[in-house]
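Peer 1: Handing you a structure now.
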Amino acid sequence: MTLSVSTGQSVDLRVQSVDEILDRVARSLRVRLLLDTVVRKRRSVGARTDRGTWVRIERRPLDKITDQGWNGTECAARLEGVAQPVWQGCVVWRDADGPVMWRADETGLLSAAPVGSAVLSEAPELPEAWWEDLSTSLDALAAHRTRRVATPDTDTITQELVTESIRGVFPGDFDTTVRRWVPAHADLNWANVTAPVFSLFDWEDWGNAPQGLDSASLWASSLAVPALADRVRRERRRDFESRDGKLMTLFVCAKILGPYAHPEDPRLEPARRTAEQVVEELQTG
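According to this note's numbering, the sequence shown is numbered sequentially starting from 5.
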């Protein structure tokens, strides 16, 4: 029932009823949602519509909505040179039963299917043009200017967060100060890109972040497939070889190796090896 997803408690929309939420969105946007296309994730639900668009609905507690708001998909519509679905409109409301906001964004359909889950276990077949379009889009994004601040995993990324995350897992005599902040998608993984035609979606968390965050995030999403992870590093070499890119490599490795590490995560060992190498480079560089 709706009450089960409207309180401030942690919820999982994959298992809890969202029927009334879907009905409200359909009425507000004056569209019919095709229920046989519904995709449910932990904090969001999406579906195709009868007018050839896609609607993504997200639930977010008020304390996870920063001063900049949470209209990332809407704000990303102005980003030129970045392959993404066209934004159409939205509806936003506060839940009457708890400190929670709901937001539904309507966009054009994806140009192709999502590549897979956030963490891949086998390599996808990606044409050369896909890799070219990935880099073109990331470079175009980084060249933009914004006052937004990225919120990876809904946490606002700051110098303090970067330092605490890295120091909490990788002690050592090296500086964690970020030198260059640029616009980033901030949730770049294999569940948020399409293939064989490249497109990047789910823009709710984008904003300024240390250079290399997106490249490092996609690399971390690829670590269970060594050849794929190596390809990401080659394609985005400029990011990974930069000092900030090395810090972001440690930042994403800290999430894999930190206190919430899963003992059966196949990314543990490659993340550990890479982190040791990067720490050494930062200490001697």
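Heads up, the beta-carbon is just placed ideally off N, CA and C, and yes, glycines get one too. As the structure is a prediction and not an experimental result, all values here were calculated from the model.
Looking only at C-alpha atoms, which of 49, 185, 75 sits nearest to residue 163?
Peer 2: Stepping through the sequence shown from its first residue, residue 163 is reached at position 159. Minimum Cα distance to residue 163 is reached at 185.
Peer 1: Tell me the DSSP secondary structure of residue 109 in three-state form.
Peer 2: Residue numbering aside, residue 109 sits at position 105 when the sequence shown is read from its first letter. Looking at residue 109 - three-state DSSP - the assignment turns out to be strand.
Peer 1: Measure how close the beta-carbons of residue 166 and residue 214 come, nearest whole angstrom, since I'm counting them as under 8 Å.
Peer 2: Within the sequence shown, the letter at position 162 stands for residue 166. Within the sequence shown, the letter at position 210 stands for residue 214. With 8 Å as the limit, residue 166 and residue 214 qualify as a contact, their Cβ atoms being about 6 Å apart.
Peer 1: Thinking just about the alpha-carbon of each residue, which of 270, 147, 25, 258 is nearest to the one in residue 106?
Peer 2: Position 102 of the sequence shown, counted from the start, is the residue given in the question as residue 106. The candidate whose alpha carbon is nearest that of residue 106 is 25.
Peer 1: Would DSSP call residue 281 helix, strand or coil?
Peer 2: As a working mapping, residue 281 is identified with position 277 in the sequence shown. In the structure shown, residue 281 sits in a helix (DSSP, three-state: H, G or I).
Peer 1: Apart from the five residues just before and just after residue 169, which ones in its own chain have a Cβ nearer than 7 Å to its Cβ?
Peer 2: Counting from 1 along the sequence shown, the entry for residue 169 is found at position 165. Contacts found: 255, 258.
Peer 1: So what does DSSP say about residue 7, is it helix, strand or coil?
Peer 2: Your numbering for residue 7 matches position 3 in the sequence shown. The predicted model places residue 7 with a pLDDT of 33, which falls under 50 and marks its position as unreliable, so this point remains unresolved.
Peer 1: Considering only residues of the same chain and omitting the five flanking positions on each side of residue 114, which have a CB-CB separation below 8 Å?
Peer 2: Locating residue 114 in the sequence shown gives position 110, counting from the first residue. Only residues of its own chain outside the window of five on either side were considered, and among them 58, 89, 198, 203, 205 have a CB closer than 8 Å to the CB of residue 114, listed in chain order.
Peer 1: Suppose you measure from the CA of residue 195 to the CA of residue 124; what does that come to, to the nearest Å?
Peer 2: Residue mapping note: residue 195 aligns to position 191 of the sequence shown, counting from 1. Residue mapping note: residue 124 aligns to position 120 of the sequence shown, counting from 1. So the two alpha carbons sit approximately 9 Å from each other.
Peer 1: At the level of alpha carbons, what is the spacing between residue 243 and residue 143?
Peer 2: Taking the sequence shown and counting its residues from 1, the one referred to as residue 243 is at position 239. Taking the sequence shown and counting its residues from 1, the one referred to as residue 143 is at position 139. Straight-line Cα distance between these residues: approximately 10 Å.
Peer 1: Count the other C-beta atoms from every protein chain shown that fall within 10 angstroms of the C-beta of residue 27, then say buried if there are 16 or more, exposed otherwise.
Peer 2: In the sequence shown, counting from the first residue as 1, residue 27 sits at position 23. Classification for residue 27: exposed.
Peer 1: What is the residue span of the alpha helix (DSSP H) that residue 253 lies within?
Peer 2: Position 249 of the sequence shown, counted from the start, is the residue given in the question as residue 253. Where residue 253 is concerned, the enclosing alpha helix (DSSP H) stretches over 247–261.
Peer 1: Taking 6 Å as the limit between beta carbons, can you name the residues of its chain near residue 233, skipping five residues before and five after?
Peer 2: Against the sequence shown, residue 233 aligns to sequence position 229. Here residue 233 has 223, 226, 227 as same chain residues with Cβ atoms under 6 Å from its own Cβ, once five neighbours each way along the sequence are excluded.
Peer 1: Report the rounded CA-to-CA distance for residue 109 versus residue 41, giving the unit in angstroms.
Peer 2: By 1-based counting over the sequence shown, the position of residue 109 is 105. By 1-based counting over the sequence shown, the position of residue 41 is 37. Going from the Cα of residue 109 to the Cα of residue 41 covers about 16 Å.
Peer 1: Please report the distance separating the alpha-carbon of residue 66 from that of residue 132.
Peer 2: What you label residue 66 is simply residue 62 of the sequence shown in a count that begins at 1. What you label residue 132 is simply residue 128 of the sequence shown in a count that begins at 1. Computed Cα separation, rounded: 42 Å.
Peer 1: Buried or exposed: which applies to residue 78, given that a residue is buried once 16 or more other Cβ atoms fall within 10 Å of its Cβ?
Peer 2: As a working mapping, residue 78 is identified with position 74 in the sequence shown. Buried, since its Cβ has 16 or more Cβ neighbours within 10 Å.
Peer 1: Please return the same chain residues whose Cβ sits closer than 8 Å to the Cβ of residue 251, not counting the five positions on each side in sequence.
Peer 2: Taking the first residue of the sequence shown as 1, we reach residue 251 at position 247. The residues are 166, 170, 180, 182, 214, 216, 286.
Peer 1: With DSSP run on the structure shown, which of helix, strand or coil describes residue 125?
Peer 2: Against the sequence shown, residue 125 aligns to sequence position 121. Residue state, collapsed to three classes: coil.
Peer 1: Per DSSP, what kind of secondary structure is residue 223 in: helix, strand or coil?
Peer 2: Position 219 of the sequence shown holds residue 223. Helix.
Peer 1: If you draw a straight line from the alpha carbon of residue 176 to that of residue 76, how long is it in whole angstroms?
Peer 2: For the purposes of this step, residue 176 is taken as the residue at position 172 of the sequence shown. For the purposes of this step, residue 76 is taken as the residue at position 72 of the sequence shown. Approximately 36 Å between the Cα atoms of the pair.
Peer 1: Can you tell me whether residue 1 is buried or exposed, with buried defined as 16 or more other CB within 10 angstroms of its CB?
Peer 2: Any answer about residue 1 is impossible in this case: the structure gives the chain only from 5 up to 289.
Peer 1: Short of 8 Å in beta carbon distance, which residues of its chain neighbour residue 156, apart from the five on each side in sequence? Order them along the chain.
Peer 2: For this step, residue 156 is matched to residue 152 along the sequence shown. Excluding positions up to five away in sequence, the list reads 190, 191, 209, 213, 217, 221.
Peer 1: Can you list, in chain order, the residues of its chain whose CB lies under 7 Å from that of residue 17, leaving out five sequence neighbours each side?
Peer 2: Reading the sequence shown from its first residue, position 13 is the one you call residue 17. Only 9, 44, 45, 46, 47, 48, 49, 63 meet the Cβ criterion.
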